[in-house]
Amino acid sequence: MAHSHSEAHGSLGSYVAGFVLSVLLTAGAFGVVLHGSLGESTGMIALAVLAFVQVVVHLVFFLHLNSPGQGWNKLSLAYTVLAAAFLIFGTIWVMHNVGMNMMSR
């Protein structure tokens, strides 16, 4: 059985660049936590930014979502992000309301 498809794979250079960027971002996050010179809220913001950038690096360099033939995958990603946002913020909203209602008793 032949495994052929029309999607192009990334080049070795793009995979190496993605790997190097991922390692640098991981080391940066590790350094933020290990060094501890940032305040608690600033450190959390720095970690969130580094995590978001790392997700973008993985989507572009390893999953090739920047290539023109990835329309359905981009749509699937957008739906997944929207569903996850509804789930997370809905849970926070419900738990906040439960907490507020329990305090009044």
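Following the working numbering, the numbering of the sequence shown begins with 11 at its first residue and continues without gaps.
Every residue, glycine too, gets a C-beta built ideally from N, C-alpha and C.
Buried/exposed call for residue i, threshold 16 Cβ in 10 Å
i: Ala61; result: exposed
i: Leu97; result: exposed
Whether residue i touches residue j by CB criterion (9 angstroms)
i: Val67; j: Leu22; result: no
i: Gly53; j: Gly46; result: yes
i: Leu92; j: Leu75; result: no
Rounded distance between the beta-carbons of residue j and residue i, thought under 8 angstroms
i: Val65; j: Ala56; result: No, Val65 and Ala56 are not in contact; Cβ-Cβ is about 15 angstroms, not under 8 angstroms.
i: Leu35; j: Val63; result: 6 angstroms
Element boundaries [alpha helix (DSSP H), containing residue i]
i: Gly53; result: 50-67
i: Leu85; result: 81-113
i: Val26; result: 22-45
Exercise. Indicate whether the contact test is met: 3 or more Cβ pairs, each with one atom in the region 25-45 and one in the region 71-86, closer than 8 angstroms.
Key: yes
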